[in-house]
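So the number in the working numbering is just where the residue sits in the sequence shown, counting from 1, plus 134.
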Amino acid sequence: MDLNLQILDMAGSSPAHSAVIVNFIAAIRSQLKNSTCFVYSDNVQYKWMTEDGEEKTVIPDASINCQTKKKRGSNFVGIPRFVMEVLSPSTEQYDRGEKMELYRQQEIEEYWIVDWRKKRIEIYELDYQDGIPQYYLWETVTEENKENLKLIHFPNIKITFDELFDEIEP
135 MDLNLQILDM AGSSPAHSAV IVNFIAAIRS QLKNSTCFVY SDNVQYKWMT EDGEEKTVIP
195 DASINCQTKK KRGSNFVGIP RFVMEVLSPS TEQYDRGEKM ELYRQQEIEE YWIVDWRKKR
255 IEIYELDYQD GIPQYYLWET VTEENKENLK LIHFPNIKIT FDELFDEIEP
């Protein structure tokens, strides 16, 4: 039996890392009430097949899922429409590399990479080139252009830069 396990040495996240996730969930949750979508924090697992036929389990820091009935056991097998990862020194390479590639393969429409130390959000949008899904950097949002922060695929959902980074000190 080949379990193909990968063990990553990941230190516990910092209070600021966790606060960004909590701030996002708090701002979004009530806005999705009575819809078919739900926002989840970093305790929800998604299990998917890669293009190579390998089964992967991933736990995003935050996700918005509109396919909440697609579960196998306690794992979602459906694809969220939005995923956010908050960078930490131990996960940055993984979040920008293997995880981003897996999200691209699953065709997740929108991917945010949040750097709480620099107070910067990179917003990636999925589009297709010759029928192949690709992520394109739609916007990098900082204090200087913070009014540009928005969820591209959820235009009626609002979160401000200041809400996302509330009580976060770099």
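Glycine residues also receive a C-beta, built at the ideal position from the N, C-alpha and C atoms.
query                                                                                                                                     : result
Segment limits, beta strand (DSSP E) that includes asparagine 157                                                                         : It is not in any beta strand (DSSP E) - asparagine 157 instead sits in the alpha helix (DSSP H) that spans 149-163.
Nearest to serine 164 (by Cα), restricted to the options Ile293, Asn279, Glu301                                                           : Ile293
The region 251-260 contacting the region 174-192, beta-carbon criterion three pairs below 8 angstroms                                     : no
Cut-off 7 angstroms between Cβ atoms - residues of its own chain near glutamine 240, not counting five sequence neighbours on either side : Trp182, Ile213
Buried/exposed call for asparagine 168, threshold 16 Cβ in 10 Å                                                                           : exposed
Coarse secondary structure for leucine 283, derived from DSSP in three states                                                             : coil
Span separating the alpha-carbon of cysteine 200 from that of tyrosine 180                                                                : 13 angstroms
Under 9 angstroms between C-beta atoms of isoleucine 291 and tryptophan 272                                                               : no
Buried or exposed by the 16-neighbour rule on C-beta atoms within 10 Å, applied to phenylalanine 288                                      : buried
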